[in-house]
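K.L.:
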Amino acid sequence: GPLLLGALALAAFGVIETRVENPMIEFRLFRHLNFLAANISQFLAGMIELGLGFLLPFYLLLVVGIPPAAAGLALIPATLPIILAGPGAGKTFDRVGGRMPLAVGFGVLAASGIALSIAASDAKVVSLIPGLVLQGIGLGLVLTTNDPTGLDSVPEDDQGVAAGMINTTEQLGGAVGIAALVAFEYGRYINLVKDKLAERGIKYTPGQFEHYKEVIIQGEQRGLNAERTNSNVDKILDITIHAHIEVFQLVFLLTAAIAFLGMVSSLILVRQSDRVREQPIFGRRSRWILGNAGTTPGLTRHPPPPEDPDPDP
């Protein structure tokens with residue numbers, strides 16, 4: 018029901034935005050392919066950034082078992098590289114444009130997902146550090162390069178709206194990323210726990226199940242190590258930990274796949290000089306024309322004038 022309602026609301030929003038005088042989202046700007054690529058990139062990066070930003074603390078609390086304060090400190094290796102990678106990404110963009118920094122950034126993010134998936138089975142903070150560092154470097158490259166890639170491709174008068182659109186796309190990607198990754202993680206986790214309990218022949222009453230659930234909730238607040246009270250609880254907690262490890266390995270690989278999509282879209286769409294699509298971006302027929310970054314109109318129904326074959330010296 019909510020998914021259907023959301024899809025209908027999104028469709029209605031798109032229809033309304035194409036008909037009002039001052040739309041919140043200027044769909045015509047997506048004809049600038051660098052701007053389109055920047056929004057796709059920002060959406061996918063938002064999925065990874067905010068999706069893992071939400072889930073990684075739960076891995077630290079429920080698998081490693083450390084308390085919340087320590088979990089916050091353990092995520093520092095993913096934040097500092099974002100700051101350090103930014104200046105280098107900006108200088109690279111000035112030299113070669115956004116295509117290579119975006120593609121490399123997403124490639125690093127894909128490597129980060131693979132590294133985190135491999136390290137997840139160790140259930141130790143130190144094992145996560147390489148993946149967290151790669152994640153920070155990748156996000157630093159992508160997020161720093163996205164804005165100038167998109168904004169430099171649209172007319173100056175549209176850059177305010179364009180900046181808002183890029184920021185909105187990141188938040189939308191984050192919302193979708195959190196919802197999708199958490200839904201996948203939780204659904205798969207519940208099935209794994211039930212399977213593992215059945216394999217060991219462990220049966221539980223409704224009262225025991227509620228107690229077990231309360232233990233997990235407390236583990237989310239204080240770290241699972243603080244909830245080890247007796248052998249019966251420990252047995253269930255071991256099942257919980259192993260189920261979470263298997264699921265988080267899949268989640269990290271899923272983020273690597275998302276990053277790979279970002280790399281492919283950046284390589285296909287981004288150029289040093291923007292390309293503008295003459296026909297509507299969702300039309301069946303299109304004609305590619307070249308335009309200098311920031312100088313072509315946001316909406317054009319005519320190709321640029323032909324160049325003079327014999328220009329004056």
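With my numbering, the residue at position 262 of the sequence shown is 279, and numbering never jumps.
Ideal Cβ positions, reconstructed from N, Cα and C, are used throughout, including at glycine.
(1) Given a threshold of 16 other Cβ atoms within 10 Å of its Cβ, counted over all protein chains shown, does G204 qualify as buried or as exposed?
(2) Can you tell me whether DSSP reads R217 as helix, strand or coil?
(3) Would DSSP call R292 helix, strand or coil?
(4) Work out the CA separation of I285 and P98 for me, nearest whole Å.
(5) Apart from the five residues just before and just after A260, which ones in its own chain have a Cβ nearer than 7 Å to its Cβ?
(6) From this set, I131, Y76, M182, which residue's C-alpha is nearest L271's C-alpha?
(7) Could you compute how far the alpha carbon of F75 sits from the alpha carbon of L160?
(8) Curious, which full-length alpha helix (DSSP H) runs of at least 4 residues does the segment 26-114 contain?
(9) Apart from the five residues just before and just after T162, which ones in its own chain have a Cβ nearer than 6 Å to its Cβ?
(10) Roughly how many whole angstroms lie between the Cα atoms of V199 and V287?
(11) Quick check on DSSP: helix, strand or coil for A140?
(12) How many angstroms separate the CA atom of L254 from the CA atom of G82?
(13) If you draw a straight line from the alpha carbon of E66 to that of L278, how long is it in whole angstroms?
(14) If you compare alpha carbons, which of V121, E43, P84 is closest to S358?
(15) Evaluate D139 with the Cβ neighbour count: other Cβ atoms within 10 Å of its Cβ, from every protein chain shown; 16 or more gives buried, anything less gives exposed.
(16) Does the separation of the CB atoms of E237 and L78 fall below 8 Å?
(17) Spatial neighbours of V178 within its chain, please: CB distance less than 6 Å, with the 5 preceding and 5 following residues excluded, ordered by chain position.
(18) Taking all protein chains shown into account, decide if P104 is buried (16 or more other Cβ within 10 angstroms of its Cβ) or exposed.
(19) Where does T222 fall in DSSP's three states?
(20) Cutting at 7 Å between CB atoms, please list the residues of its own chain near I154, excluding the five before and the five after it.
(21) Our contact map puts I183 next to G167 with C-beta atoms below 8 Å; I'd like the distance itself, whole angstroms only.
(22) Exposed or buried, what is L27 when buried is set at 16 or more other beta-carbons lying within 10 Å of its beta-carbon?
(23) As a quick exercise: from I275, V268, K141, Q225, pick the residue whose alpha carbon is nearest that of A87.
(24) Would I262 and V80 be called neighbours here (beta carbons separated by less than 8 Å)?
(25) Between P147, F123, A196, which has its C-alpha nearest A273's C-alpha?
(26) Leaving aside the five residues before and after S129 along the sequence, list all residues of the same chain whose C-beta is less than 7 Å from its C-beta, in chain order.
(27) Apply the 10 Å Cβ neighbour rule to Q235 and answer buried if 16 or more other Cβ atoms are within range, or exposed otherwise.
(28) Using the rule of at least 16 other Cβ atoms within 10 Å of the residue's Cβ for burial, across every protein chain shown, is N51 buried or exposed?
(29) When the Cα of I135 is compared with those of G181, I33, Q266, T186, which residue comes out closest?
P.N.:
Walking through what the data contain:
(1) Taking the first residue of the sequence shown as 1, we reach residue 204 at position 187. Result: exposed.
(2) Indexing the sequence shown from 1 puts residue 217 at position 200. It is coil, neither helix nor strand.
(3) Here the question's residue 292 lines up with position 275 in the sequence shown. R292: strand per DSSP, three-state reduction.
(4) Taking the first residue of the sequence shown as position 1, residue 98 is located at position 81. Taking the first residue of the sequence shown as position 1, residue 285 is located at position 268. In a straight line, the C-alpha of P98 is about 27 Å away from that of I285.
(5) Taking the first residue of the sequence shown as position 1, residue 260 is located at position 243. So the list reads Y206, L209, V210, K213, once near-sequence residues are dropped.
(6) The residue you call residue 271 lines up with position 254 of the sequence shown. Of the candidates I131, Y76, M182, the one whose C-alpha sits nearest the C-alpha of L271 is I131.
(7) For this step, residue 75 is matched to residue 58 along the sequence shown. For this step, residue 160 is matched to residue 143 along the sequence shown. Approximately 25 Å between the Cα atoms of the pair.
(8) 50-76, 85-91, 93-113
(9) Against the sequence shown, residue 162 aligns to sequence position 145. Around T162: A106, F110, G115, P118, L119.
(10) The residue given as residue 199 occupies position 182 in the sequence shown. The residue given as residue 287 occupies position 270 in the sequence shown. So the alpha carbons of these two residues sit roughly 31 Å apart.
(11) Taking the sequence shown and counting its residues from 1, the one referred to as residue 140 is at position 123. Three-state result, A140: coil.
(12) Along the sequence shown, one-based indexing puts residue 254 at 237. Along the sequence shown, one-based indexing puts residue 82 at 65. One C-alpha to the other measures close to 10 Å.
(13) On the sequence shown, position 49 is the one that residue 66 refers to. On the sequence shown, position 261 is the one that residue 278 refers to. Cα to Cα, the separation comes out at about 15 Å.
(14) Summary: the structure shown does not reach residue 358, with the chain confined to residues 18 through 330, and so no result is reported for it.
(15) Here residue 139 corresponds to residue number 122 of the sequence shown, with the count starting at 1. The residue is exposed, with fewer than 16 neighbouring Cβ atoms inside 10 Å.
(16) Start at 1 with the first residue of the sequence shown, and residue 237 comes out as number 220. Start at 1 with the first residue of the sequence shown, and residue 78 comes out as number 61. Yes, Cβ-Cβ distance for E237 and L78 is below 8 Å.
(17) Here the question's residue 178 lines up with position 161 in the sequence shown. These residues qualify, in order along the chain: E43.
(18) Looking up residue 104 in the sequence shown gives position 87. Exposed, since its Cβ has fewer than 16 Cβ neighbours within 10 Å.
(19) If you number the sequence shown from 1, residue 222 lands on position 205. Of the three classes helix, strand and coil, the one that applies to T222 here is coil, per DSSP.
(20) As a first step, residue 154 is located in the sequence shown; it is residue number 137 there, counting from the start. These residues qualify, in order along the chain: P98, A102, V125.
(21) Within the sequence shown, residue 183 is the residue found at index 166, counting from 1. Within the sequence shown, residue 167 is the residue found at index 150, counting from 1. Correct: roughly 5 Å between the Cβ atoms.
(22) On the sequence shown, position 10 is the one that residue 27 refers to. Result: exposed.
(23) Mapped onto the sequence shown, residue 87 falls at position 70. Nearest of I275, V268, K141, Q225 to A87, Cα basis: K141.
(24) Numbered from 1 along the sequence shown, position 245 holds the residue referred to as residue 262. Numbered from 1 along the sequence shown, position 63 holds the residue referred to as residue 80. It is a contact, given that the beta carbons lie within the stated cut-off.
(25) In the sequence shown, the residue the question calls residue 273 occupies position 256. Of the candidates P147, F123, A196, the one whose C-alpha sits nearest the C-alpha of A273 is F123.
(26) By one-based count along the sequence shown, residue 129 stands at place 112. So the qualifying residues of the chain are G148, L151, Q152, G155.
(27) In the sequence shown, the residue the question calls residue 235 occupies position 218. Exposed.
(28) In the sequence shown, the residue the question calls residue 51 occupies position 34. N51 should be labelled buried.
(29) Position 118 of the sequence shown, counted from the start, is the residue given in the question as residue 135. The option with the nearest alpha carbon to I135 is Q266.
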